[in-house]
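*Asks:* One structure, as structure tokens, below. Some questions next.
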Amino acid sequence: MPPIEAVPRFLPLSELLRTGRAPGDVVAFSRDGVRDFADFSGRVAGLCAELRRVGGTRFLLFSEDSYAFAVALLALAHSGATALLAPNRQPGTLAALAAQVDGALVDSSIAATELARLPRIAPLEVAPAAAASFGSLDPELAIAELSTSGSTGPGKAVPKALRHLDREVATLESLFGPRLGRDARVFATVSHQHLYGLLFRLLWPLAAGRAFCAETYLHSEEFFPCMRATAGFALVTTPVHLRRMRADAELASLRSQARAIFSSGGPLDESIARGIESVLGLTPIEIFGSTETGGVAWREQIAAEPDAAFHSFPHVELARASGPGVEGQLVVRSPYASLGPASAGRSDVQETLMSDRAELLGGGRFRLLGRADRIVKIGEKRLALPEMESALRAHPHVADAALVSFEPIGDARVGAVVALSDSGQAALDAQGRRALGAALGEHLAAYWDRVLLPRAWRYVAELPRDAQGKVTRAALLELLEPAAERAPVRDPVVLSEQRGASSIVRELRVPADLAFLEGHFPGQPVVAGVVQLHWVMLAAAELLGATPQLLALEGLRFRDALLPSQPFRLSLELSPARDRLRFELSDGERVFAQGRAQLAAGSGSEN
Numbered sequence: 018m019p020p021i022e023a024v025p026r027f028l029p030l031s032e033l034l035r036t037g038r039a040p041g042d043v044v045a046f047s048r049d050g051v052r053d054f055a056d057f058s059g060r061v062a063g064l065c066a067e068l069r070r071v072g073g074t075r076f077l078l079f080s081e082d083s084y085a086f087a088v089a090l091l092a093l094a095h096s097g098a099t100a101l102l103a104p105n106r107q108p109g110t111l112a113a114l115a116a117q118v119d120g121a122l123v124d125s126s127i128a129a130t131e132l133a134r135l136p137r138i139a140p141l142e143v144a145p146a147a148a149a150s151f152g153s154l155d156p157e158l159a160i161a162e163l164s165t166s167g168s169t170g171p172g173k174a175v176p177k178a179l180r181h182l183d184r185e186v187a188t189l190e191s192l193f194g195p196r197l198g199r200d201a202r203v204f205a206t207v208s209h210q211h212l213y214g215l216l217f218r219l220l221w222p223l224a225a226g227r228a229f230c231a232e233t234y235l236h237s238e239e240f241f242p243c244m245r246a247t248a249g250f251a252l253v254t255t256p257v258h259l260r261r262m263r264a265d266a267e268l269a270s271l272r273s274q275a276r277a278i279f280s281s282g283g284p285l286d287e288s289i290a291r292g293i294e295s296v297l298g299l300t301p302i303e304i305f306g307s308t309e310t311g312g313v314a315w316r317e318q319i320a321a322e323p324d325a326a327f328h329s330f331p332h333v334e335l336a337r338a339s340g341p342g343v344e345g346q347l348v349v350r351s352p353y354a355s356l357g358p359a360s361a362g363r364s365d366v367q368e369t370l371m372s373d374r375a376e377l378l379g380g381g382r383f384r385l386l387g388r389a390d391r392i393v394k395i396g397e398k399r400l401a402l403p404e405m406e407s408a409l410r411a412h413p414h415v416a417d418a419a420l421v422s423f424e425p426i427g428d429a430r431v432g433a434v435v436a437l438s439d440s441g442q443a444a445l446d447a448q449g450r451r452a453l454g455a456a457l458g459e460h461l462a463a464y465w466d467r468v469l470l471p472r473a474w475r476y477v478a479e480l481p482r483d484a485q486g487k488v489t490r491a492a493l494l495e496l497l498e499p500a501a502e503r504a505p506v507r508d509p510v511v512l513s514e515q516r517g518a519s520s521i522v523r524e525l526r527v528p529a530d531l532a533f534l535e536g537h538f539p540g541q542p543v544v545a546g547v548v549q550l551h552w553v554m555l556a557a558a559e560l561l562g563a564t565p566q567l568l569a570l571e572g573l574r575f576r577d578a579l580l581p582s583q584p585f586r587l588s589l590e591l592s593p594a595r596d597r598l599r600f601e602l603s604d605g606e607r608v609f610a611q612g613r614a615q616l617a618a619g620s621g622s623e624n
């Protein structure tokens, strides 16, 4: 490993609070102002005292605020406790994790009923302590336990020792720190509750002394002005957000401030990478890895390197597996990995079999060949779904596409979910679904046997992506369910509901084919605010037993865009007099809309 001390200003997490920084050094910033190191260390010390009072060794940790999360994580570490990072704030997720912990460090907005038996602490509501002395942290401390995404199967817990994170953060600084410089501010569209966001938007800036944004911005109209106000910035994001950014006319205004853009969560299309480069003068840095392995490799799709190969991180060793069922899959031996048997004589290096197939090019370089779990057998023929998806995206009528295999009547076949381009939407309107499917099928028939072509087609405004930007098999299968003569879809899908005498909490999902998405907006569909209010009032009518008479709306804010296929929670609470209604639409990481409704006297009374 490179010596951590060799990086200027760099302090490993194990030494961050023992060594300390200047009291006025900015740790984090938001629309509410800045937080300096004096505030940070004082809040960690105060929370440590509260944790000693509560007692316990395992705590659930969830916060939408990255600064609050950082305070909580360091306080738990200096208390010798492990943080279980909830991947979202859904009731089922929190209930499952609550059974495994001694307490919860969570936002005060999380309902007490979800964590009823546990001591609950809101990290930033604990009073800061006076200056306290901190010791070094044990590198073997199990500082965090994360959950895998479960996009291809059930999620699982992944423990991380402090040494895993310290080593990887030091590697990130040695590889990319010079590009950022000392004064770059770090923004992100991804959550710190998952490993990519945890490392890139929070732990790395903490260790390197760069200020990070405590808020998660998802839309360019929010973060572009903030970025323009900096001397320089780095953005931690996903291919989905980069695709939207490339189409934004304001992107060019960031050219002088952009230092680095990081992307992870899936392969970045070459045209998007080149488009970003042409506008900003820098190429996005793609990060390849997993929750289990940590970072494995990186690449930049630049003209000087046409094969777009990945470069392994320092001290990561690669091999290809052989044998039935695993042929060609990537084997990673890494000091950042936390699972797998320790290699003989090298207890700090773990070996992990990944689900990705690769071609090794030598010198730590490799080319990804797609996931092994996405090679399917159709009519005795093998098909790599990623290759057919790439061919579909090359058609001018297709903006994006995802394929899935399914067995509706016993025989395996392929289904296609397609987000159409402007020309594709025009073709659909003019020719109909059957003709468009036939045209796309003919395009694919130039490369594949017809038995492999998709037999089911579904056209949507945007692919169904989760909070991490991933398209899951379950979401695709749901879209491909047969539905003859579908009526226009105007209501959200109800996943679950909790109802009290004066409250409703519903877990919902925006249908990918919601009728209200049409024309709002072309190329980037969102659920309009008026539609969200309509859903609020429909739920209020059920709670009241009659249609409410709305007098006024107060404190109404649409904080983030609600997108197709987005899971979200609708929460309603009536006042005792039943004349005021508090509502919120949110998911596990952000609030979409919130406000209060003033109702006429007698609203909801029985006639």
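18 is the number of the first residue of the sequence shown in the numbering used here; add one for each residue after it. Here a beta-carbon is modelled for each residue, glycine too, at the ideal position from N, C-alpha and C. All values reported here derive from a predicted model rather than from experimental measurement.
#1: How big is the Cα-Cα spacing for ALA444 and LEU453?
#2: If you reduce the DSSP assignment to three classes, tell me which class GLY292 lands in.
#3: Going by the DSSP bridge assignment, what does THR99 pair with across the sheet?
#4: Mapping DSSP to helix, strand and coil, what is PHE229?
#5: Less than 6 angstroms between C-beta atoms, sequence neighbours within five positions excluded: which residues of the same chain meet that for LEU409?
#6: Tell me where the beta strand (DSSP E) around TRP552 begins and ends.
#7: Please state whether DSSP places PRO176 in a helix, a strand or coil.
#8: Just grab the DSSP bridge partners of SER164 for me.
#9: Would you mind sorting ASP373 into buried or exposed? The rule is 16 or more other CB atoms within 10 Å of its CB.
#10: What does a CB cutoff of less than 7 angstroms around ARG482 pick up in its chain, not counting 5 residues either side in sequence?
#11: Straight-line CA distance for LEU252 to VAL203?
#12: Please return the same chain residues whose Cβ sits closer than 7 angstroms to the Cβ of HIS209, not counting the five positions on each side in sequence.
#13: Which stretch, first to last residue, makes up the beta strand (DSSP E) that contains HIS209?
#14: At what residues does the beta strand (DSSP E) containing GLN615 begin and finish?
#15: Identify whether LEU268 lies in helix, strand or coil by the three-state DSSP scheme.
#16: Give me, in chain order, the residues of the same chain whose beta-carbon lies closer than 6 angstroms to that of CYS65; leave out the 5 immediate sequence neighbours on both sides.
#17: Taking 8 angstroms as the threshold, find out whether the region 222-232 comes into contact with the region 291-311 through three or more Cβ pairs.
#18: LEU457 and HIS6 - do their beta-carbons sit closer together than 8 angstroms?
#19: Using three-state DSSP, classify VAL333 as helix, strand or coil.
#20: Three-state secondary structure (DSSP) at PRO256?
#21: Straight-line CA distance for ASP183 to ALA578?
#22: For PRO284, which option in GLU406, ASP124, ARG69, ALA161 has the closest C-alpha, if you only look at C-alpha atoms?
#23: Judging by CA-CA distance, which residue of LEU192, PRO104, LEU78, PRO108 is the nearest neighbour of ASP124?
#24: Please confirm whether ASP139 and LEU102 have their CB atoms less than 8 angstroms apart.
#25: Quick one: what's got a C-beta closer than 7 angstroms to HIS328's C-beta in the same chain, skipping five residues either side?
#26: Using the rule of at least 16 other Cβ atoms within 10 Å of the residue's Cβ for burial, across every protein chain shown, is PRO509 buried or exposed?
#27: What are the boundary residues of the beta strand (DSSP E) that includes ILE514?
#28: Spatial neighbours of ARG625 within its chain, please: C-beta separation below 6 angstroms, excluding the five flanking residues on both sides.
#29: Helix, strand or coil, according to DSSP, for LEU627 in the structure here?
#30: Just the C-alpha distance for VAL186 and SER339, rounded to the nearest angstrom, thanks.
#31: For a test of the three-state rule: what should DSSP assign to HIS460, helix, strand or coil?
#32: Which residues in the same chain as ARG75 place their Cβ atom closer than 7 angstroms to its Cβ, once the five residues preceding and following it in sequence are excluded?
#33: Measure the CB-CB distance between PRO156 and LEU141 and report whether it falls below 8 angstroms.
#34: Is there a Cβ of chain C sitting closer than 8 angstroms to that of VAL393, yes or no?
#35: Where SER295 and ASP42 are concerned, what is the direct C-alpha to C-alpha distance, given to the nearest angstrom?
#36: Does ALA421 pass the burial test, meaning 16 or more other C-beta atoms within 10 Å, or should it be called exposed?
*Replies:* A quick look at the data gives this:
#1: 7 angstroms
#2: helix
#3: ARG75
#4: strand
#5: VAL415, ALA418
#6: Per DSSP, TRP552 belongs to no beta strand (DSSP E); it is in the alpha helix (DSSP H), 546-561.
#7: strand
#8: ALA174
#9: buried
#10: VAL257, VAL488, SER582
#11: 6 angstroms
#12: SER83, PHE86, LEU215, ARG218, LEU219
#13: No beta strand (DSSP E) contains HIS209, which DSSP labels as neither H nor E.
#14: 608-616
#15: helix
#16: ALA92, HIS95, SER96
#17: no
#18: Examination of residue 6 is not possible in this model, given that the chain is present from 18 through 624 alone.
#19: coil
#20: helix
#21: 35 angstroms
#22: GLU406
#23: LEU78
#24: A quick correction: the sequence has Ala, not Asp, at residue 139. Going by C-beta atoms, ALA139 is not nearer than 8 angstroms to LEU102.
#25: ALA314, TRP315, ARG316, GLY381, ARG382
#26: buried
#27: First, the amino acid is wrong: residue 514 is Glu here, not Ile. Note, GLU514: beta strand (DSSP E), 510-516.
#28: Not covered by the structure: residue 625. The range shown for the chain is 18 to 624.
#29: As shown, the chain starts at 18 and ends at 624. That puts residue 627 outside it, with no answer to give.
#30: 32 angstroms
#31: helix
#32: ALA98, THR99, LEU101, GLN117, VAL118, ASP119
#33: no
#34: Among the chains of the structure shown, chain C does not appear; only one protein chain is present.
#35: 35 angstroms
#36: In the sequence as presented, Ala is not what sits at residue 421; that position holds Val. The residue in question, VAL421, is buried, as its Cβ has 16 or more Cβ neighbours within 10 Å.
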